[in-house]
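Participant: My questions all concern the structure below.
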Amino acid sequence: MEEVNSILGTLLGLLVKKNLNAWDLLLLPAKFGYNRALGRTTNESPFKVVNRQDPLGLLDHVPLYQGEKMDTKARKRVREIQELYK
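Following our numbering, the numbering of the sequence shown begins with -19 at its first residue and continues without gaps.
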């Protein structure tokens, strides 16, 4: 637990930088990011260890436009980003 607090403290310090009053607004996103990151020993995220799957990220909730007018480069990039979040 001590290591987690140290990592979150460092992460918050990097995120907050000059606006020290915003730390409370950044705590939940920092914790979410930490819990989605792969651990060194298990090579899985804490979320996956506990829940057997990672939570959905922001891009998982964005609908992929399936119409013909969508640029093929954009479609390919959206799929690449979705794969990154898997």
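A virtual CB, placed ideally from N, CA and C, is assigned to each residue, including glycine.
(1) Could you check the C-alpha separation between Arg59 and Gly37 for me, to the nearest Å?
(2) Secondary structure at Ala17, three-state DSSP: helix, strand or coil?
(3) Which word fits Leu(-8), buried or exposed, when buried means at least 16 other C-beta atoms lie within 10 angstroms of its C-beta?
(4) Give the C-beta separation of Ala17 and Leu(-5) to the nearest angstrom, bearing in mind that I take them to be a contact with Cβ-Cβ under 8 angstroms.
(5) Suppose the cutoff is 6 angstroms on Cβ atoms and the five residues either side in sequence are ignored; what does the same chain contact list for Trp3 look like?
(6) Grouping DSSP H, G and I as helix and E and B as strand, with all else coil, what is Thr22?
(7) In the DSSP assignment, find the unbroken alpha helix (DSSP H) run with Arg55 in it and report its ends.
Facilitator: From the atom records:
(1) 14 angstroms
(2) coil
(3) buried
(4) Contact flag wrong, Cβ pair sits at about 14 angstroms.
(5) Leu(-8), Val(-4)
(6) coil
(7) 52 to 65
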